[in-house]
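Working notes, beginning with the structure itself.
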Amino acid sequence: MRFIADVIPNEEGIKRLMIHETESGTYLFGFDRVVDGGGVWDEWFETVADAKESALEDYQVSLEAWKQIADPCDDCQQDWIQPVR
Numbered sequence: 004m005r006f007i008a009d010v011i012p013n014e015e016g017i018k019r020l021m022i023h024e025t026e027s028g029t030y031l032f033g034f035d036r037v038v039d040g041g042g043v044w045d046e047w048f049e050t051v052a053d054a055k056e057s058a059l060e061d062y063q064v065s066l067e068a069w070k071q072i073a074d075p076c077d078d079c080q081q082d083w084i085q086p087v088r
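Positions in the sequence shown are counted from 1; adding 3 to them yields this note's numbering.
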């Protein structure tokens, strides 16, 4: 399961966040642009709820702001929206 959310302007220049839940945990990716592309950083969390809580605390992303998107295709990059191998 993946989610994306836009971020309000901030000092770090992060414009979008993505959460990707995997069998080994949940990743929160930060992006410095709104167009599709690779993230500039990622953090690991045990759960989606933990990642959303971090996004709320660090970037003021409300729980309602998250939009669910499709999981990446097999063997594709998890931080791109479109399939990229």
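Heads up, the beta-carbon is just placed ideally off N, CA and C, and yes, glycines get one too.
Cutoff 8 Å: residue i Cβ touching any chain D Cβ
{"i": "Ile-72", "result": "Checking the listed chains, one finds no chain D in this structure; it contains a single protein chain."}
Three-state secondary structure assigned by DSSP to residue i
{"i": "Gly-73", "result": "Reading the sequence as shown, one finds Ala at residue 73 and not Gly. DSSP places Ala-73 in coil when its eight states are reduced to three."}
{"i": "Glu-24", "result": "strand"}
{"i": "Asp-9", "result": "strand"}
Bounding residues of the beta strand (DSSP E) (the contiguous stretch that carries residue i)
{"i": "Glu-46", "result": "44-48"}
For residue i, the residue or residues it bridges with in DSSP
{"i": "Arg-19", "result": "Asp-9, Phe-34"}
Limits of the alpha helix (DSSP H) - the one that residue i falls within
{"i": "Val-51", "result": "51-62"}
Residues near residue i in its chain [Cβ-Cβ closer than 7 Å; skip 5 each side]
{"i": "Gly-33", "result": "Ile-17, Leu-20, Gly-42, Val-43, Trp-44"}
{"i": "Thr-50", "result": "Thr-29"}
6 Å CB neighbourhood of residue i in its chain, flanking five on each side removed
{"i": "Val-37", "result": "Lys-18, Arg-19"}
Cβ neighbours of residue i in the same chain (closer than 8 Å, five flanking residues each side left out)
{"i": "Leu-66", "result": "Lys-55, Leu-59"}
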